[in-house]
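Okay, structure first, notes after.
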Amino acid sequence: MTRTATFSAADGTFDKADSSGIGAGRPGFLWAAPATLFFALFAIVPLIMVAVLSFARWDGLSNPEFAGLDNWKLLFDDPVMIKSLWLSVLLTVLGVLVQTPLSILLGVWAAGHQRNRAVLSAIYFVPMLLSVAAVSVLWRAVLDPNFGVPAQATWLFGDGNLFGTQAGAIGVLVFVSTWQFTPLHTLIYQGAARAVPRVLYQAAQIDGAGTVRQFFHITLPQLRNSIITSMILMVVGGLTTFDTVLILTQGGPGSDTTISAYYMYQKAFKSFDYGSASAIALLLVLVSTLISLVVVRLSGYDKMRSTMEGL
Amino acid sequence: MKQRTRFSRTVVGGAALSLILSLSGCGEGSDAADGDTIHVLVYGDAANKVEKELVDTFNETSKVKAVLDTIPGADYQAKLQTIINSKQAPDVFFNWGGGSIEPFVDAGLLLPLDPFIAKDPGLKAKFLPSVFNSAVVDGTSYGIPMRGTQPVLLFNNGKVLKKAGVEPPETWDDLLAAVEALKADGVTPIALGGGDRWPTLMWFEYLYDRIAGPELFQKALDGDREVWASPDSRKALGKIKELVDAGAFGTNYDSVKFTDQGSPTLLATGKAAFELMGSWEYSTQQGAHPGFAESDLGYSPFPSVQGGKGDRANVVGNTNNFYSVLKKTKHPQAVAEFLKLMYSDQFVKAQLGIGNLPTTTNTEKFLDTAASPEFAKFQYDMVKAAPAFQLSWDQAYPQSAATPMYQALQQFFNGSMDEDAFIQAMQALPTS
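Protein chains in written order, with the working numbering: chain A, 1 to 311; chain B, 1001 to 1432.
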């Protein structure tokens, strides 16, 4: 019983519904100590170590040597590094642009009461249940130029050289992550769309607004906070994408899909240059934080304005 | 000085932490009392069967017991690098010779094997010299060959060649003529798994060898960057362009992989006529297309190039895998005894039985017991007669060179990088 009480506190939920009567009272800071300790050990400490390593030369064998700003200087002189940052941003932006409208439409639709909705929704969610690695291997096989779909649909795919051109490879990466992650965002929008008060639609109907108008003037504004939540998830996920690139393109052709996270992996575990890899890692942390902050600021999310104003 | 110590202790402490985390997955057979054991670390795959057998044989007579640890293939190099300078380091470990052990030699971790050889000359004399030498670093031996040699051959689909009236090419001109004939017949002349990039590298390795001879690459590896801009180098690049532009590989080769059976299937199903590949192509086809492997899979050496300096008998590929020994092993005597097994009759027979071709001088006696005696004999004669055996470039160079090398190779091959840019990229590779 004590256990349940601790768990609900760790979740951050208030304990006033503690019907068991054990451990009654408000949660103190100590309750969060185990989680905080774990977070410090597995997130803060490594982050500090990475920061330290980014100023060192280390191949994983000998003792690390202090290298001053060498890694950082190299990083900004390295054309692949600069390209990789652009690619990360490009993939993220493309992901947001493709996934957001798609998942809003699907989510709003799935929140309704149409026939067969439950069955179809269940089918959408299948990709979310598969691991990214499995999904990537699957699509790699489906898109094989000689034995996959492109060989059958030459009118669409031409010679099927999807992984051999930059545009093709980026297209595949965006497509595969859309396929994988749209269900998650659909779920967010479905929940949010269900929470929109019915009275708003009833009032709009009396005023003679059609479905499209209702969507743009009621549903979308009411989804504002969910859109921001979902976009932040996409941005952070997009910037740290790694597994799809590792399995689908290995950063190729050439370095045309070498995004920063993959470049970091190459530096650390292919070239055994942990110093540069740490510098890339730190740069990624900074860029991700910055972008998240910008999204939050621009959207006014930090003010936590309620969508229930005026109701 | 003090600050430096503290700095490195923090980092090493952190590394140790991540090590404990990563090692928890692979600590097979770690006995409580490590006093009288030697740990042998190998690349985990089907060939482990033979390694287990040898360890058992060794343990029958030895007081110091050997323990076999395996790390699954794809993770091998990264995990080895992580543990090799730690308490969990093995006594003996598997590697590819050449550049793959150089960083360990530089860090002073490896035991020179010359004293072992002085006591038992068989440790050197019983192996083919061209193979033994690829684990010699700065004139000192650091590895004893184990497993089998993997020369690169030009494989073909006999049925497709027959239909197009083409013979396996002897010369470069033969190859170009074959490309034209096969294109007219509606097949892709050469299957290539460009998505993996190392199959593309094989074309560079052979053309540079045939045109410039093995010396050019050796000079480049020794630090002479100018050779990449030499007329021979440009000539080799021109030949590659010639072949690509002739449509020998089709247009979608960069989307094809060897590792997911893409290019072997092209060859087996007759959609392509040739594939330049390591000798493992044979067992790959035997596994996936046994009928084809038995009746129509042909093979020949890489063609000669007219006016080139390289001998047609030269071979490129993986010379062999090696066992290297760590300096801090507590039982060098036992290790020396263990290594002697690598030229034993039992070793040779067991390797041949799983389709590997050992590079010991007594291999010839047992070739009839191989999984495919004809293929084994062809390879053995080829490797034995080879004046030069070029270790794959990506393994001869240090690890840090592999990625930029792959990028340049792929981009020059598919035309997104020109000759001068390619030469610059090769000149920029770290050589040590």
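Note that beta-carbon positions come from the ideal geometry of N, C-alpha and C, so glycine has one too.
On a predicted model such as this, the values are computed, not experimentally measured, just so you know.
Identified DSSP bridge partners for residue i
i	result
PHE1127 of chain B	B:THR1360
LYS1065 of chain B	B:THR1037
PRO1214 of chain B	None; PRO1214 of chain B has no bridge partner.
GLY1044 of chain B	B:PRO1072
THR1171 of chain B	B:SER1304
GLU1275 of chain B	B:PHE1155 and B:ALA1191
PRO1060 of chain B	Sequence inspection shows Glu at residue 1060 of chain B; the Pro mentioned does not correspond to that position. GLU1060 of chain B is not bridged to any residue.
MET1146 of chain B	B:ASN1321
SER1141 of chain B	B:VAL1136
TYR1299 of chain B	B:PHE1155
PHE1389 of chain B	B:VAL1315
Check whether residue i and residue j have beta carbons under 8 angstroms apart
i	j	result
LEU1128 of chain B	TYR1299 of chain B	no
PRO101 of chain A	GLN180 of chain A	no
GLY1353 of chain B	SER1283 of chain B	no
ASP124 of chain A	PRO34 of chain A	Note on residue identity: the sequence assigns Tyr, not Asp, to residue 124 of chain A. Result no, Cβ atoms of TYR124 of chain A and PRO34 of chain A do not sit closer than 8 angstroms.
ALA1135 of chain B	ILE1084 of chain B	no
ASN1157 of chain B	GLY1270 of chain B	yes
VAL1187 of chain B	ALA1248 of chain B	no
VAL235 of chain A	SER177 of chain A	no
ALA1272 of chain B	ILE1190 of chain B	yes
LEU1429 of chain B	ALA1401 of chain B	yes
ALA169 of chain A	ASP256 of chain A	yes
LEU1201 of chain B	ASP1075 of chain B	no
CB contact check: residue i to chain C, cutoff 8 angstroms
i	result
ILE1084 of chain B	Looking at the structure shown, chain C is missing, and the protein chains on hand are A and B.
Per-residue burial, residue i [other beta carbons within 10 Å of its own, 16 or more giving buried]
i	result
GLU1374 of chain B	exposed
THR1070 of chain B	buried
GLN1407 of chain B	buried
TRP58 of chain A	buried
VAL119 of chain A	exposed
LYS1126 of chain B	buried
LYS1239 of chain B	buried
THR1037 of chain B	buried
SER230 of chain A	buried
ALA1033 of chain B	Because the pLDDT of ALA1033 of chain B is 48, which lies under 50, any placement of that residue in the model is unreliable, and the question is left without a value.
ASN71 of chain A	buried
ILE48 of chain A	exposed
ASP1091 of chain B	buried
ASP1381 of chain B	exposed
LEU1182 of chain B	buried
Cβ of residue i within 8 angstroms of any chain A Cβ
i	result
ALA1078 of chain B	yes
THR1149 of chain B	no
LYS1159 of chain B	no
GLY1262 of chain B	yes
SER1300 of chain B	no
THR1251 of chain B	yes
ARG1210 of chain B	no
GLY1122 of chain B	no
ASN1356 of chain B	no
ASP1104 of chain B	It is Phe, not Asp, that sits at residue 1104 of chain B in the sequence shown. So, interface residue.
LEU1443 of chain B	In the structure as shown, chain B starts at 1001 and stops at 1432, and residue 1443 of chain B therefore has no counterpart that could be examined.
VAL1256 of chain B	yes
GLN1424 of chain B	no
GLN1411 of chain B	yes
CYS1026 of chain B	With a pLDDT of 44 at CYS1026 of chain B, under the threshold of 50, the modelled position of this residue cannot be trusted, and the question is left open.
GLY1098 of chain B	no
Residue-chain proximity (residue i, chain B), Cβ-Cβ < 8 angstroms
i	result
PHE272 of chain A	yes
ASN146 of chain A	yes
ASP59 of chain A	yes
PHE175 of chain A	no
ASN161 of chain A	yes
PRO253 of chain A	yes
GLN180 of chain A	no
Checklist entry - Any contact of the region 1111–1122 of chain B with the region 1335–1345 of chain B, i.e. 3+ C-beta pairs under 8 angstroms? => result Yes: the two stretches touch, three or more of their Cβ pairs being nearer than 8 angstroms.
Item to check | Three CB pairs or more closer than 8 angstroms across the region 138–146 of chain A and the region 1252–1265 of chain B | outcome: Yes, since at least three Cβ pairs between the region 138–146 of chain A and the region 1252–1265 of chain B fall closer than 8 angstroms, the two stretches touch.
Checklist entry - Using 8 angstroms as the Cβ pair cut-off and three pairs as the minimum, do the region 1412–1420 of chain B and the region 1221–1228 of chain B touch? => result Contact fails between the region 1412–1420 of chain B and the region 1221–1228 of chain B, because fewer than three Cβ pairs, one in each stretch, are under 8 angstroms apart.
Checklist entry - Is there contact between the region 200–207 of chain A and the region 264–276 of chain A, where contact requires at least three CB pairs shorter than 8 angstroms? => result Between the region 200–207 of chain A and the region 264–276 of chain A there are fewer than three C-beta pairs closer than 8 angstroms, too few to call the two in contact.
Checklist entry - Three or more C-beta pairs closer than 8 angstroms, one from the region 1375–1387 of chain B and one from the region 218–228 of chain A: is that the case here? => result With fewer than three CB-CB distances shorter than 8 angstroms, the region 1375–1387 of chain B does not count as touching the region 218–228 of chain A.
Next on the checklist: Three Cβ pairs or more, each shorter than 8 angstroms: is that satisfied between the region 1309–1326 of chain B and the region 1388–1395 of chain B?
Outcome noted: Verdict: yes, contact present.
Checklist entry - Counting pairs of beta carbons, one from the region 1138–1153 of chain B and one from the region 1165–1173 of chain B, are three or more of them closer than 8 angstroms? => result At 8 angstroms Cβ cutoff, the stretches do not touch.
Item to check | Inter-stretch contact (C-beta, 8 angstroms, three-pair minimum) for the region 160–176 of chain A and the region 70–80 of chain A | outcome: No, because fewer than three Cβ pairs between the region 160–176 of chain A and the region 70–80 of chain A fall closer than 8 angstroms, the two stretches do not touch.
Item to check | Segment contact flag, the region 1257–1269 of chain B with the region 1194–1208 of chain B, C-beta cutoff 8 angstroms, min 3 pairs | outcome: Yes: the two stretches touch, three or more of their Cβ pairs being nearer than 8 angstroms.
Checklist entry - Should the region 101–116 of chain A be regarded as contacting the region 183–200 of chain A, the criterion being three or more beta carbon pairs within less than 8 angstroms? => result Under the three-pair Cβ rule at 8 angstroms, the region 101–116 of chain A counts as touching the region 183–200 of chain A.
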